[in-house]
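To keep things clear, I will list the structure first and then write my remarks on it.
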Amino acid sequence: MRAKASVAFASSKQKSVPTSDADGDGGISLQEFQAAHERIFNAMDGNKDSKLTLEEMQAFIHGTR
Ligand SMILES: [Ca+2]
Ligand SMILES: [Ca+2]
C-alpha cells in the first residue's frame, strides 16, 4: 500500500484570529487592546445599538446572525 500524500486541511473556513497588534510592534498596547475589544463588541452587536443582548451574544457564538 502506498502512503497517502498528506492532505493539508483547507483553512478557508477558518476565521483568522483577530489580531490586536495593530501597529505590528509585537505587543498589545492598551489602545490596541481596547480597539480589539471594540471590534469584537461591534461584531457582536447585531443591531448596532451599542448594547449587547444575550441573544446577540448567542447569535455571535453560534454564527447565526
Ligand atoms: Ca502593538
Ligand atoms: Ca445590540
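In terms of the numbering used here, the sequence shown is residues 155 to 219. Built from N, CA and C at the ideal position, the CB exists for glycine as well.
A190 versus M155 - alpha carbon distance: Within the sequence shown, numbered from 1, the residue matching residue 190 stands at position 36. Within the sequence shown, numbered from 1, the residue matching residue 155 stands at position 1. Rounded to the nearest angstrom, the two C-alpha atoms are 50 angstroms apart.
D199 Cβ short of 7 angstroms to ligand 1 heavy atom set: As a first step, residue 199 must be located in the sequence shown, where it is residue number 45. No - ligand 1 has no heavy atom lying nearer than 7 angstroms to the Cβ of D199.
Any non-hydrogen atom of ligand 1 within 7 angstroms of I182 CB: For the purposes of this step, residue 182 is taken as the residue at position 28 of the sequence shown. Indeed, a heavy atom of ligand 1 lies less than 7 angstroms from the Cβ.
heavy atom of ligand 2 below 7 angstroms from L208 C-beta: Here residue 208 is taken as the residue at index 54 of the sequence shown, counted from 1. Not under cutoff, so the answer is no.
Reduced DSSP secondary structure (H/G/I, E/B, other) of A189: Looking up residue 189 in the sequence shown gives position 35. Here A189 carries a helix assignment [DSSP, helix/strand/coil].
Nearest-angstrom Cα separation, counted from I182 out to T173: One-based indexing of the sequence shown puts residue 173 at position 19. One-based indexing of the sequence shown puts residue 182 at position 28. Taken atom to atom, the span from the alpha-carbon of T173 to that of I182 is near 9 angstroms.
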